[in-house]
Amino acid sequence: RAKEFKRSGFLHYRPEHSRRAHTRLALEVQLRRAIERQQLIVYYQPQYDLVTEQVASVEALVRWHHPQRGLIPPGEFVPIAEESDLIIEIGSWVLREACRQAMAWHKAGYPLLRISINVSARQLLRPEFVSEVAAILHSSGLPANWLELEITEGVMLDDPIYAARQIDQLRQLGIRIALDDFGTGYSSLAYLRQLRLDALKIDQAFVRAIDEQSNMVTNSRALLRAIINLAHSLGLAVIAEGVETPEQRSALISMGCDILQGYLFAHPLPADEVWPTILRLQNGRAPAD
Ligand code: C2E
Ligand code: MG
Ligand code: MG
Ligand code: MG
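In case it helps, full-length UniProt numbering puts the sequence shown at residues 811 to 1099.
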């Protein structure tokens, strides 16, 4: 990478470098083809609302159905796509597909679910992004307030003023904005001051620390409680991700967290398994409309 090159001042030639670069290039070529061949699929992970005791929303998480390698998780191709304009194409496709799916469930007779979609910095910072999202909402028929976009602090590293402006315009359309992976970056608090948001997603690392066996647990819990209180005093909803154990669930409930997401409730699921799982989770209770 150019950045690594700059940092080290000069590049040592090592055979594994060129091999890695080659694999990467091959992956990029295949990924470009994957979009055309419709090998990308969206999985959906339920988010459980503690107030209504219902699944209120699902997060769209992209996967790549590779003909030889099977299902590839986004961690293995989204970062590569983010280094080029590939992420723009993938991102637009996920937006269109997830909004279409949300309306398809609704047309099949289920109540509307809010849909949460991850957006890369490169996508958000494109001048056309706001009008593109508006057009997708219009053509899918999904009302704007049923869409939430998850952004990470990457948007603030590139162009904080423009990012804030884009976010304001999206919110004016009625779209909700959540800050993803909160607490992992260097200046998460500064972003809370600069951005108008609707929700904070607390990073899995904090949730995992709840029941770890170490003397940092008291620290982690205190920090978690403080983050939740801070978010609430700013009028933001708090979503905890990566909830895996009943201990984590009860700790987060006692701390006043609003929404829980994690394997304890449901894994990310293919579209046709979403509603059967939601109905099971809600224990046969009819979902509120
Ligand atoms: P994220 O947005 O922070 O998504 C949460 C990740 O945590 C997902 O991984 C999800 O499957 C995983 N997860 C959920 N519950 C649990 C749990 O209880 N335990 C553990 N250990 N993990 C859990 P996934 O699907 O592999 O996605 C990884 C990342 O890839 C996402 O992190 C997001 O940053 C990115 N990503 C996924 N889809 C898209 C997309 O459509 N566009 C963009 N730009 N990024 C995407
Ligand atoms: Mg996310
Ligand atoms: Mg996250
Ligand atoms: Mg993440």
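Idealized CB from N, CA, C, for every residue including glycine.
So is residue i buried or exposed if we call it buried at 16+ other beta carbons inside 10 Å?
i: residue 818; result: Note that residue 818 scores a pLDDT of 45, beneath 50, so its modelled location is shaky; the value from the coordinates is reported in the next line. When all chains shown are included, residue 818 counts as exposed.
i: residue 836; result: exposed
i: residue 1072; result: buried
i: residue 1029; result: exposed
i: residue 978; result: exposed
i: residue 779; result: Because residue 779 is not part of the residues shown, which for the chain are 811 to 1099, the question remains open.
i: residue 1062; result: buried
i: residue 971; result: exposed
i: residue 950; result: buried
i: residue 911; result: buried
i: residue 1006; result: exposed
Looking at residue i and ligand 5, is the gap between the Cβ and the nearest heavy atom below 7 Å?
i: residue 870; result: You won't find ligand 5 in this model; what it holds is ligand 1, ligand 2, ligand 3 and ligand 4.
Can you check which of these residues, the options, is closest to residue i by C-alpha distance?
i: residue 930; options: 867, 879, 988, 875; result: 988
i: residue 992; options: 912, 1088, 916, 1017; result: 1017
i: residue 1002; options: 1060, 962, 834; result: 962
i: residue 896; options: 839, 937, 942, 944; result: 839
i: residue 939; options: 1045, 1052, 1035, 902; result: 902
i: residue 1004; options: 966, 914, 1092; result: 966
i: residue 935; options: 1082, 865, 975, 983; result: 975
i: residue 1101; options: 860, 899, 1054, 914; result: Residue 1101 falls outside the range modelled here, since the chain spans only 811 to 1099, and no answer is possible.
i: residue 850; options: 880, 1014, 830, 1089; result: 880
i: residue 869; options: 907, 1057, 1032; result: 907
i: residue 984; options: 954, 1035, 1008; result: 954
i: residue 857; options: 842, 1034, 924, 909; result: 924
Taking the straight line between their C-alpha atoms, what separation do you get for residue i and residue j?
i: residue 1069; j: residue 995; result: 22 Å
i: residue 916; j: residue 922; result: 5 Å
i: residue 816; j: residue 942; result: Note that residue 816 scores a pLDDT of 43, beneath 50, so its modelled location is shaky and nothing firm can be said.
i: residue 960; j: residue 1083; result: 23 Å
i: residue 888; j: residue 876; result: 14 Å
i: residue 927; j: residue 832; result: 31 Å
i: residue 1042; j: residue 878; result: 47 Å
i: residue 891; j: residue 973; result: 20 Å
i: residue 852; j: residue 885; result: 14 Å
Where DSSP assigns a beta bridge to residue i, which residues make up the other side?
i: residue 876; result: 880
i: residue 924; result: 867
i: residue 988; result: 960, 1009
i: residue 1047; result: 1009
i: residue 1071; result: 1051
i: residue 857; result: 867
i: residue 852; result: 872
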